[in-house]
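What follows is a single structure, written as structure tokens, with notes after it.
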Amino acid sequence: MINGLKVRGPFDFEKAIRRPLARPSKLFIVRMDDVSYTRAIRVQSRAIPVTVSVTPSHDDVVLHWTMPDDVSFEESMHIETTIRRMFCVDEDVEAFYETMSRRPMWNELINRFYGLRPILDGDLFESMVNVIIGQQLNVKFASTLVERLIDLGDERVEWEGSTLAVFPSPERVASWAYEDLRALSFSQRKAEYVIDFARAVVDGRVNLSKLWTATEEEIYETLLPLRGIGRWTVECVLLFGLGRRDVLPAADIGLQNAIHKLYGITPRPDEDEVRRLAELWRPWRSWATYYLWQSLNE
DNA sequence: GGCCAGGCTAGCA
DNA sequence: TGCTAGCATGGC
């Protein structure tokens, strides 16, 4: 089954899928020979493998994807919505560049990353767990912990001769004991945060699907009361899970370091300073953050 | 070896 | 409301 979506504005698909290669995961397969990105997308209880690519590679980019033939109409609608969001298909990236190019120091960054769009998380549970695990840890170790959690989940799908890992479902994670994650070098607290969150999702105390249409304020009200979820965590889920356009994780150390480098501000700016500088980035503060984080990886 | 890492909680004033 | 020790482990 083949589907397609026209992308608005510049989109360098190759750049976008090259980025995750810096931190490989069993969740996805990136192939540079046919320039494709493959991962499973969970629809209800089913994990559906999808391979995404583009034609042609420059003007008027069209995003294509293939998936198994037995996917139902409802499932394919869900997949389309997910891909539209994951690859930021509807974002007017040119308007972002327009806004940021008024700041001289941004021109080099825009040139370097021209056409880059982030690839967002597959679903909100995955996003929450990723972000909770990432709290306070260096990103390399955090990604190691995520891979161990995926291994423990032990769910896979076969697709076109390859095996794809599937991110564990809330039900699966909720069934674990804290000791199961302790054995993977999770701290006691982090094990509790992750498993307790999964249990809150499973028993209905948290309704993640409602967050898609909620206001930011409602999202904070829903998530902040949960133990282990602070402001930074919600901000990152707004960015990587929900794909909101104008979110600023001002207290984030990585963002502060990136600004320190790009703007030459020493010592690195504190939270208030970041907020002040970022006033000029509205309404694209999420995208400015993506690009600044990306600048740290090079 | 020591400091730091894309934070959060609980306890205290 | 605002501040801070403690968490826990790997990276560099």
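Following our numbering, the numbering of the first sequence begins with 186 at its first residue and continues without gaps. Even for Gly, the Cβ is constructed at its ideal location relative to N, Cα and C. Remember, predicted model here, so these are calculated numbers, not experimental data.
Distance check for residue j and residue i, CA to CA, integer angstroms please.
{"i": "F298", "j": "V432", "result": "20 Å"}
{"i": "K214", "j": "T223", "result": "In the sequence as presented, Lys is not what sits at residue 214; that position holds Ile. Cα to Cα, the separation comes out at about 5 Å."}
{"i": "I264", "j": "T451", "result": "45 Å"}
{"i": "G413", "j": "V387", "result": "17 Å"}
{"i": "A368", "j": "R461", "result": "43 Å"}
{"i": "E483", "j": "R390", "result": "41 Å"}
{"i": "H276", "j": "G194", "result": "For the sequence presented, residue 276 should be read as Glu rather than His. For E276 and G194, the distance between alpha carbons rounds to 8 Å."}
{"i": "N442", "j": "R287", "result": "22 Å"}
{"i": "A382", "j": "L411", "result": "The sequence given here has Phe at residue 382, not Ala. Between F382 and L411, the C-alpha separation is close to 7 Å."}
{"i": "E456", "j": "L440", "result": "10 Å"}
{"i": "V358", "j": "F371", "result": "14 Å"}
{"i": "L305", "j": "K211", "result": "16 Å"}
{"i": "T236", "j": "H249", "result": "8 Å"}
{"i": "Y448", "j": "M290", "result": "7 Å"}
{"i": "T398", "j": "R430", "result": "14 Å"}
{"i": "L294", "j": "D254", "result": "42 Å"}
{"i": "L481", "j": "S328", "result": "16 Å"}
For residue i, does the count of other Cβ atoms within 10 angstroms reach 16, so buried, or fall short, so exposed?
{"i": "V247", "result": "exposed"}
{"i": "R467", "result": "exposed"}
{"i": "K395", "result": "exposed"}
{"i": "I317", "result": "buried"}
{"i": "N315", "result": "buried"}
{"i": "P129", "result": "The structure shown does not extend to residue 129, since the chain is modelled only from 186 through 483, so no value can be given for it."}
{"i": "D219", "result": "exposed"}
{"i": "L309", "result": "buried"}
{"i": "S230", "result": "exposed"}
{"i": "S312", "result": "buried"}
{"i": "P234", "result": "buried"}
{"i": "S354", "result": "buried"}
{"i": "D437", "result": "buried"}
{"i": "G346", "result": "exposed"}
{"i": "G189", "result": "exposed"}
{"i": "S471", "result": "buried"}
{"i": "T267", "result": "buried"}
{"i": "I444", "result": "buried"}
{"i": "E420", "result": "buried"}
How is residue i classed by DSSP in three states: helix, strand or coil?
{"i": "P234", "result": "strand"}
{"i": "T400", "result": "coil"}
{"i": "W469", "result": "coil"}
{"i": "N392", "result": "coil"}
{"i": "V239", "result": "strand"}
{"i": "R453", "result": "coil"}
{"i": "R341", "result": "strand"}
{"i": "G189", "result": "strand"}
{"i": "W417", "result": "helix"}
{"i": "L423", "result": "helix"}
{"i": "G439", "result": "helix"}
{"i": "E483", "result": "coil"}
{"i": "I368", "result": "For the record, residue 368 in the displayed sequence is Ala; it is not Ile. Coil, per DSSP."}
{"i": "S261", "result": "helix"}
{"i": "L409", "result": "coil"}
{"i": "T381", "result": "Reading off the sequence, residue 381 comes out as Asp, not Thr. Correct three-state label for D381: helix."}
{"i": "D336", "result": "helix"}
{"i": "A488", "result": "Summary: the structure shown does not reach residue 488, with the chain confined to residues 186 through 483, and so no result is reported for it."}
{"i": "S432", "result": "For the sequence presented, residue 432 should be read as Val rather than Ser. Three-state result, V432: coil."}
{"i": "V387", "result": "helix"}
What residues match up with residue i in a beta bridge as DSSP calls it?
{"i": "A225", "result": "P234"}
{"i": "I214", "result": "T223"}
{"i": "S347", "result": "W344"}
{"i": "L248", "result": "L190, V239"}
- Within the region 265 to 327, note down every full alpha helix (DSSP H) run reaching 4 residues or more, in order along the chain. 278 to 285, 289 to 298, 309 to 319
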